[in-house]
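A.B. asks:
Numbering (this note's numbering), first residue to last: 2 to 295.
Shown next, in the form of structure tokens:
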């Protein structure tokens, strides 16, 4: 049975990449495929697999009727392309980007996916879909490179705590973070995880892609889920909102490559020793999503 509409960018990525891999596998191994033939093949595969995924029948009618439908889907893909990075009129796209546009465009055309939602998926997946296999291999080492910053992190644990204390004072209303795309990423004001990430990036002068910020949130969420296996001490720390904020703040620095685990542990220990300086400010913040303002 086909599943429902994916919820969340990670689920969309997984579905699209699986469909793309399956479509690619339908090409005979070792055969030389003409470039035009390849694009037409992947176009057909994207449309048909998208319809199957949403429980829709295959396209029907004669060749002319099917061509009209594909032309209409192509019109949708041109609108969706404007949600991706770079010049929207530049039609030099990767094979996966091409597949992405037709996979989503087919669903928008069929009326099962709002175009605004499809645009968000394009925006979130575009950069990653632009890598070829060779690019991905060449870029593996770059994943470990520190994020570009304009302000260096503190030199010792005491200075770290001074910085964290100043950030904690802003944690209920963090200033919007300017992303690389120019759109500010705004924390809801009721999630310490969001506040910790945004304020840490602010302090380092980062202007990351908006999706990079969301990615950090996702990784930190996974780290939280692993805490139970790391012993009772960290679980106890997380019961205190101030210490929770400290963890999010230093974890962000680890993930962007500007702190190591030893530094993070020293900062946490310093926070425990200076906990009174947080003045017991522990608003009850629940989980929420980021909001984007255009």
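For glycine and all other residues, C-beta sits at the position ideal for the given N, C-alpha and C.
1) Rounded to the nearest angstrom, what separates residue 146 and residue 54 at their Cα positions?
2) Closest by CA to residue 22, which one among 272, 252, 100?
3) With the cut-off set at 7 Å, would you say residue 105 and residue 94 are in Cβ contact?
4) Quick check: residue 201 and residue 245, are their CB atoms within less than 7 Å of each other?
5) If you drop the 5 nearest sequence neighbours on each side, which residues of the same chain put their C-beta closer than 8 Å to that of residue 222?
6) For residue 136, which residues of its own chain have a beta-carbon under 7 Å away from its beta-carbon, when the five flanking residues on both sides are left out?
7) Whose CA, out of 270, 260, 62, lies closest to the CA of residue 150?
8) May I ask you to report which of helix, strand or coil DSSP gives residue 179?
9) Considering only the beta carbon of each residue, do residue 42 and residue 77 sit closer than 7 Å?
10) Could you check if residue 282 is buried or exposed, using at least 16 other CB atoms within 10 Å of its CB as the buried criterion?
11) On the three-state DSSP scale, how would you describe residue 185?
12) So, for residue 142: in the same chain, excluding its five sequence neighbours on each side, which residues have a beta-carbon less than 8 Å away from its beta-carbon?
13) Is residue 146 helix, strand or coil by DSSP?
14) Mark residue 38 as exposed unless 16 or more other C-beta atoms lie within 10 angstroms of its C-beta, in which case mark it buried.
15) Taking the CB atoms as reference points, tell me whether residue 196 and residue 172 lie closer together than 7 Å.
16) Considering just the uninterrupted stretch of the alpha helix (DSSP H) at residue 198, what are its terminal residues?
17) Which one of 24, 129, 178 has the shortest CA to CA distance from residue 10?
18) Report back the beta-carbon spacing between residue 102 and residue 108 to the nearest angstrom; my notes put them in contact at under 8 Å.
19) Hey, quick one: how far does the alpha helix (DSSP H) through residue 273 stretch, first residue to last?
20) Return yes when the Cβ of residue 46 is within less than 7 Å of the Cβ of residue 73, no when it is not.
21) Under a three-way DSSP split, which group does residue 64 fall into?
22) Inspect the beta-carbon positions of residue 256 and residue 220 and report whether they are closer than 7 Å.
23) Counting C-beta neighbours from all protein chains within 10 Å, is the total for residue 69 16 or more, i.e. buried, or is it exposed?
24) Check residue 49 in the structure and name its three-state DSSP category.
25) Go ahead and pull the three-state DSSP assignment for residue 1.
C.D. replies: Reading off the structure:
1) Between residue 146 and residue 54, the alpha-carbon positions lie close to 37 Å from each other.
2) The closest CA to that of residue 22, considering only 272, 252, 100, is found on 100.
3) Contact: no.
4) No; because the gap between Cβ atoms is not below 7 Å, this pair is not in contact.
5) The answer, listed in chain order, is 194.
6) Residue confidence is low: residue 136 scores 42 on pLDDT, short of 50, so the model does not pin down where it sits. Its coordinate-derived value is still stated next. Closer than 7 Å at the Cβ level, and outside the excluded window around residue 136, lies no residue.
7) Answer by Cα proximity: 260.
8) In this structure, residue 179 counts as strand in the three-state DSSP scheme.
9) Cβ distance not < 7 Å, so residue 42 and residue 77 don't count as in contact.
10) With a pLDDT of only 47 at residue 282, under the threshold of 50, the placement of this residue in the model should not be trusted; the figure read from the coordinates follows. Taking every protein chain shown into account, the CB of residue 282 has fewer than 16 other CB atoms within 10 angstroms, so this residue is exposed.
11) Correct three-state label for residue 185: strand.
12) Residue placement at residue 142 cannot be trusted, given a pLDDT of 33 that sits under 50; what the coordinates show is reported in the next sentence. For residue 142, where only same-chain residues beyond five positions count, there are no Cβ hits under 8 Å.
13) Residue state for residue 146 is assigned as coil, using DSSP reduced to three classes.
14) So residue 38 counts as exposed.
15) In this structure, residue 172 lies closer than 7 Å to residue 196 by Cβ.
16) Annotation: the continuous alpha helix (DSSP H) that includes residue 198 extends over 193 to 204.
17) With distances taken between CA atoms, residue 10 lies nearest to 129 out of 24, 129, 178.
18) A Cβ-Cβ separation of about 11 Å leaves residue 102 out of contact with residue 108 under the 8 Å criterion.
19) For residue 273, the uninterrupted alpha helix (DSSP H) segment begins and ends at 262 to 274.
20) The answer is no: Cβ separation not under 7 Å.
21) In this structure, DSSP gives residue 64 a helical state, which the three-state scheme calls helix.
22) Yes, the pair counts as a contact, with Cβ atoms nearer than the cut-off.
23) That one is exposed.
24) Helix, per DSSP.
25) The chain is shown only over 2 to 295; residue 1 falls outside these bounds and no answer can be derived.
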